[in-house]
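Read through the structure below, which is laid out as structure tokens, and then see the notes.
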Amino acid sequence: MKILTVIGARPQFIKASVISREIAALSGFKEIIVHTGQHFDENMSQIFFNQMNIPIPDYNLNINSLPHGALTGRMIQGIEEIIMKEKPDWIIVYGDTNSTLAGALAGKKMQYKIAHIEAGLRSFNNDMPEEINRLLTDKISDLLFCPTSTAVGNLALSGITGSKVILSGDIMLDAFLYYLPQAKAPKIKIPPEYLLSTIHRPENTDNPVNLNNIFSALNYIAKDIPLIIPLHPRTTQIIDKTQFDNITFIQPVGYFEMLYLLQHCSLVLTDSGGLQKEAFFMKKPCVTIREETEWSELIQNGFNVLAGSDYNNIISSTSIMLNKEMDFSLELYGKGNAGKIILSELI
60 MKILTVIGAR PQFIKASVIS REIAALSGFK EIIVHTGQHF DENMSQIFFN QMNIPIPDYN
120 LNINSLPHGA LTGRMIQGIE EIIMKEKPDW IIVYGDTNST LAGALAGKKM QYKIAHIEAG
180 LRSFNNDMPE EINRLLTDKI SDLLFCPTST AVGNLALSGI TGSKVILSGD IMLDAFLYYL
240 PQAKAPKIKI PPEYLLSTIH RPENTDNPVN LNNIFSALNY IAKDIPLIIP LHPRTTQIID
300 KTQFDNITFI QPVGYFEMLY LLQHCSLVLT DSGGLQKEAF FMKKPCVTIR EETEWSELIQ
360 NGFNVLAGSD YNNIISSTSI MLNKEMDFSL ELYGKGNAGK IILSELI
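Shown next, in the form of structure tokens:
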């Protein structure tokens, strides 16, 4: 059996590593990996392949730094050519990026079977490009692997039900458990207590008012507790770091270094989707700097709070979450065996 895997962004590299290990352990299986090039910065891409022993992609389309339509269109064209050559039994796509949608559209138009891992997520905010990618990819996929029962319910609301919908658990939990023993400290001076933050979403970085509110709030918080931010390339180009002298800015780090920073921080402030879950896996409270989240179960169970981009909300939410007692024993994302469940369905 031949499986064609389409990836293009940092979180997808981590998720795909789980399936690649499962495929490698089976006889009669071959995986073809297509890297669209969506994340092309060394610290956002190649370091993950090197660190995590992910197989080097068979194809790298090197498509990036274009508007959404041009980016997705170029990806579809490139992926179509690879599909015609490789003729896979299954095409696997992950999450909600332009690479996800491009892989699904290219394969479906050519009548190949599509498996969507991390299906059924919804922010219910159609202004987010990721939400459009989710809706369209879910609609045309042949198998939909859901990380949570909430995701299964979201698909049902869209009329997608039946045997094609599988509650697999979250593949990120598989990766987290596998790689946690390899967590290592980044080459920076790390204080005994600190908060960890990441900010990269366009609704925050492309809005000057939101961006100033967020970083002013983080700078205020960092007067009392040191705050470390691995700074996304997009955000680096926009902010003046000298205005926020209480914050420790560092370069983006590899997954092992990020695990270490998560492991030793007191709290996470982020607008990332995946980092909200990883905070939960690491038993850390989280403040999400967005108006909504795909991971609603974290909000409902009190492990996460939505602060938006409001200066006062970010500060007060951080204080509340730092002083809140939490029981992290709930199994919200399965048992860490999503990879095995997914491969068993594809066979």
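Count along the sequence shown starting at 1, add 59, and that's the number in the numbering used here. Glycine included, each C-beta is placed from N, C-alpha and C at the ideal position.
So, using beta-carbon positions, are residue 62 and residue 148 closer together than 8 Å?
Counting from 1 along the sequence shown, the entry for residue 62 is found at position 3. Counting from 1 along the sequence shown, the entry for residue 148 is found at position 89. Against a cut-off of 8 Å, the Cβ pair of residue 148 and residue 62 comes out as a contact.
Is it the case that the Cβ atoms of residue 241 and residue 308 are separated by a distance below 8 Å?
Counted from its first residue, the sequence shown places residue 241 at position 182. Counted from its first residue, the sequence shown places residue 308 at position 249. In this structure, residue 308 does not lie closer than 8 Å to residue 241 by Cβ.
For residue 328, which beta-bridge partners are listed by DSSP?
As a first step, residue 328 must be located in the sequence shown, where it is residue number 269. The partner list for residue 328 (beta bridge, DSSP) reads 256 and 346.
What span of residues does the alpha helix (DSSP H) with residue 404 cover, start to end?
Locating residue 404 in the sequence shown gives position 345, where the first residue counts as 1. 397-405 is the extent of the alpha helix (DSSP H) around residue 404.
What does a CB cutoff of less than 8 Å around residue 304 pick up in its chain, not counting 5 residues either side in sequence?
Indexing the sequence shown from 1 puts residue 304 at position 245. Result list for residue 304: 278, in chain order.
Given this structure, state the Cα-to-Cα distance separating residue 376 from residue 370, to the nearest angstrom.
Numbered from 1 along the sequence shown, position 317 holds the residue referred to as residue 376. Numbered from 1 along the sequence shown, position 311 holds the residue referred to as residue 370. Rounded to whole angstroms, residue 376 to residue 370 spans 10 Å at the Cα level.
Of the choices 403, 390 and 363, whose alpha-carbon is the least far from that of residue 384?
Counting from 1 along the sequence shown, the entry for residue 384 is found at position 325. The shortest C-alpha separation from residue 384 is found at 363.
Cα-Cα, which of 356, 310, 161 and 124 is closest to residue 387?
Here residue 387 refers to the residue found at position 328 when the sequence shown is read from its first residue. Closest option to residue 387, Cα to Cα, is 356.
Just checking my contact of residue 207 with residue 392 at CB under 8 Å: how many whole Å lie between their CB atoms?
As a position in the sequence shown, residue 207 is number 148, starting the count at 1. As a position in the sequence shown, residue 392 is number 333, starting the count at 1. About 6 Å separates the two Cβ atoms, so the contact holds.
What do you reckon, is the C-beta of residue 196 under 7 Å from a heavy atom of the ligand NAD?
What this structure holds is no ligand at all, so the ligand NAD is not there to describe.
Please look up how many angstroms separate the CB atoms of residue 257 and residue 288, rounded, as I've assumed it's under 8 Å.
Taking the first residue of the sequence shown as 1, we reach residue 257 at position 198. Taking the first residue of the sequence shown as 1, we reach residue 288 at position 229. About 7 Å; that satisfies the 8 Å criterion.
With residue 289 as the anchor, note down where its alpha helix (DSSP H) starts and where it stops.
Numbered from 1 along the sequence shown, position 230 holds the residue referred to as residue 289. Careful: residue 289 lies outside any alpha helix (DSSP H), inside the beta strand (DSSP E) at 286-289.
Quick check: what's the CA-CA separation for residue 175 versus residue 153?
For this step, residue 175 is matched to residue 116 along the sequence shown. For this step, residue 153 is matched to residue 94 along the sequence shown. If I take the Cα positions, the gap works out to 6 Å.
For residue 365, which residues of its own chain have a beta-carbon under 6 Å away from its beta-carbon, when the five flanking residues on both sides are left out?
Walking along the sequence shown from the start, residue 365 turns up at place 306. Result list for residue 365: 347, in chain order.
List in chain order: all unbroken beta strand (DSSP E) runs of 3+ residues lying wholly within the region 196-225.
Entirely contained in the region 196-225, the beta strand (DSSP E) runs reaching 3 residues are, in chain order, 202-205.
Compare the Cα-Cα distances from residue 236 to each of 123, 340, 131 and 379 and report the closest residue.
Numbered from 1 along the sequence shown, position 177 holds the residue referred to as residue 236. Cα-wise, what sits closest to residue 236 is 340.
Use the C-beta contact count for residue 268: other C-beta atoms within 10 angstroms, 16 or more gives buried, fewer gives exposed.
Locating residue 268 in the sequence shown gives position 209, counting from the first residue. Under this definition residue 268 is an exposed residue.
Taking the alpha-carbon positions, what's the residue 103 to residue 192 distance?
Walking along the sequence shown from the start, residue 103 turns up at place 44. Walking along the sequence shown from the start, residue 192 turns up at place 133. Low confidence applies to residue 103: its pLDDT is 49, below 50, so where it sits in the model is not reliable, and the reading given next is rough at best. Using only the alpha carbons, I get a separation of about 21 Å.
For the alpha helix (DSSP H) containing residue 171, name the first residue and the last one.
Locating residue 171 in the sequence shown gives position 112, where the first residue counts as 1. From DSSP, residue 171 is part of no alpha helix (DSSP H); its letter is neither H nor E.
To the nearest angstrom, how far is the alpha carbon of residue 210 from that of residue 180?
In the sequence shown, counting from the first residue as 1, residue 210 sits at position 151. In the sequence shown, counting from the first residue as 1, residue 180 sits at position 121. Approximately 5 Å, taken between the alpha carbons.
How is the alpha helix (DSSP H) around residue 90 delimited, first residue to last?
The residue you call residue 90 lines up with position 31 of the sequence shown. Residue 90 -> not in any alpha helix (DSSP H); beta strand (DSSP E) instead, spanning 89-94.
Considering residue 271, what are the terminal residues of the alpha helix (DSSP H) in which it resides?
Position 212 of the sequence shown, counted from the first residue, corresponds to residue 271. Counting along the chain, the alpha helix (DSSP H) containing residue 271 begins and ends at 267-280.
Let me know if residue 389 comes out buried or exposed under the rule of 16 or more other beta-carbons within 10 Å of its beta-carbon.
The residue labelled residue 389 in the question sits at position 330 within the sequence shown. Burial call: exposed.
So, for residue 120: in the same chain, excluding its five sequence neighbours on each side, which residues have a beta-carbon less than 6 Å away from its beta-carbon?
Residue mapping note: residue 120 aligns to position 61 of the sequence shown, counting from 1. Result list for residue 120: 95, 96 and 137, in chain order.
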